[in-house]
Amino acid sequence: MICDVCKAREAEVYQPHSGKRLCRKCFIEDVRARVKEESLKIGLDKANKILLAVSGGKDSYVLADTLASFIDTQKLIAYNITEGIHGYNRREQIEQLRKYLSSLGIELIEDSFKQSVGYTLDEMMKYSIGKGLNVSACTFCGGFRRKLINNAGRAVSADYVATGHNLDDEVQAIVINLIRGDLLRLIRFADKPIKLSSKFVLRVKPLRKVYEWETTLYAYYSGYQFQELECPYISTRPTLRAKVRELLYMLEDKKPGTLLTILEEFDKLAEKVRNQTQLKEELPTCKICGEPTSYGREICKNCELLISAGLLNYHQNLPMS
Ligand code: SF4
Ligand code: ZN
Ligand code: ZN
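Each residue of the sequence shown is one higher than the one before, starting from 0 at the first, in numbering that gives the first Met the number 0.
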């Protein structure tokens, strides 16, 4: 079968959402074109500096590679966090990532929870369980990761922080926030980012129109040696996400293109909501760490988690040894 685009090479990929059969080269070009379109829409090409949050997983390789195909890599800087998860964080993975990024001309900054929070994720979990808290590792991990990524973006004066979230991740998050009825959080998932605090660096997701199976295939065709191990905490992930994921796959299977349609319709809706919603004033800052926190809160969720796990003394604002 011949590729529907170049009409020259043998087709290897069938894209259910477009109905096209593509050769490897045209498939790679198709993914890059979608990433570029999404990025130009938010003005990434005009940025002076973009921080890429890279985990070492396949999506972070695809993020760096697709952006490097149309943005001067001098403007890109990568940032990786070692969470401190026994058996999962491995030195050679970071070295692979560094090597690949350097081949694209992108510098990698390394950080860790231990260095910037004071504890590894394993330590946070040990103390949290010891205190009888019922908080999943992903809650600790996601919250601190967001905070450190934002801090890193600010430290290098980045105009944007780009993450490797793909279409599947985005639509799952939208549906979960719809179910929770959290409107303010929900419109943050729209294509154009909003800034609720001067301390936030705008977050963008250039892969948000690319299916997860496509990032997997892109990584496979490109021969990346990405992190393939599964995080040992994944089984403790909140179950709502797993259920939503399953439901969305079922819908996509019945009607290919469903995820893309949901995201595109959501973007249109979010634009209307944003124009009509009086966004509140700047977010308050946490009394302890000084970072933005939700409206009505004095202490951010991250500091609150450390306090409840007995890892931060509220009065002295110091990590406890
Ligand atoms: Fe962190 Fe949870 Fe992902 Fe593991 S599965 S890396 S704990 S968010
Ligand atoms: Zn082709
Ligand atoms: Zn705080």
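Each residue gets a CB set at the ideal place from its N, CA and C atoms; glycine is no exception.
Across the structure, Arg273 and Leu182 are spaced so that their CA atoms are roughly 10 Å apart. Between the C-alpha atoms of Ser127 and Ile233 there is a straight-line separation of about 17 Å. Listed in chain order, the beta strand (DSSP E) runs fully inside the stretch 180-247 are 201-203, counting runs of at least 3 residues. A Cβ closer than 5 Å to some heavy atom of ligand 2 marks a residue here, and those residues are Cys2, Val4, Cys5, Arg8, Cys22, Cys25.
Looking from the CA of Glu94, the closest CA among Pro255, Leu50, Phe225, Glu9 belongs to Phe225. Selection Met123, Leu43, Pro15 evaluated against Thr162 yields Leu43 as nearest (Cα-Cα).
Cβ neighbours of Arg8 within its own chain (closer than 7 Å, five residues either side excluded): Cys2, Cys22, Lys24. Spanning the alpha carbons of Leu239 and Ile178 requires a straight line of approximately 10 Å.
When secondary structure is reduced to three states using DSSP, Leu166 falls in the helix class.
Put simply, the stretch 296-311 does not touch the stretch 208-223. Fewer than three CB pairs are less than 8 Å apart.
When rounded, the separation of the alpha-carbon atoms in Ile148 and Lys6 is 43 Å. In the assembly as shown, Gly129 is an exposed residue. Its beta-carbon has fewer than 16 other beta-carbons within 10 Å. Taking C-alpha positions only, Glu270 is separated from Ala189 by approximately 8 Å. Lys113 and Leu166 do not touch by the CB rule: their CB atoms are close to 33 Å apart, not below 8 Å.
The three-state secondary structure of Val12, taken from DSSP, is strand. A direct Cα-to-Cα measurement between Met0 and Ala10 gives close to 6 Å.
Contact between the stretch 64-80 and the stretch 96-113 is established, with three or more Cβ pairs separated by less than 8 Å.
Its chain contains His16, Leu166, Lys208 as the residues whose beta carbon lies nearer than 7 Å to that of Leu259, once the 5 sequence neighbours on both sides are disregarded; these appear in chain order. Per DSSP, reduced to three states, the secondary structure at Lys125 is helical. Burial check for Ser102: the Cβ neighbour count within 10 Å stays below 16, so the residue is exposed. Closest in C-alpha terms to Gly18, from the list Lys286, Gln275, Pro255, Leu268, comes Pro255. Every residue with a CB closer than 7 Å to a heavy atom of ligand 3 is listed here in chain order: Cys285, Ile287, Cys288, Glu290, Thr292, Ile298, Cys299, Asn301, Cys302. Annotation for Tyr99: the continuous alpha helix (DSSP H) segment containing it runs 90-103. In the same chain as Cys230, and ignoring 5 residues on each side of it, the C-beta atoms closer than 7 Å to its own belong to Ile84, Tyr87, in chain order. DSSP places Thr81 within a strand segment (E or B) once states are collapsed to three.
In the DSSP assignment, Tyr60 falls within the unbroken alpha helix (DSSP H) covering 57-67. Between the alpha carbons of Val30 and Ile306 lies a distance of about 44 Å. Under the DSSP assignment, Arg20 falls outside any alpha helix (DSSP H), being part of the beta strand (DSSP E) whose first and last residues are 19-21. Pairing Ser196 with Gly309, the inter-Cα distance amounts to about 29 Å.
By DSSP's assignment, Glu106 forms a beta bridge with Ile76. For Ala52, the secondary structure class from DSSP, reduced to helix, strand or coil, is strand.
Assignment of alpha helix (DSSP H) within the stretch 273-307, counting only whole runs of 4 or more residues, yields 300-307 in chain order.
Leaving aside the five residues that flank Ala151 on each side, the residues in its chain whose CB is nearer than 7 Å to its CB run, in chain order, Leu50, Tyr78, Ile108, Asp110.
The Cβ atoms of Ala154 and Lys48 do not sit closer than 8 Å to each other.
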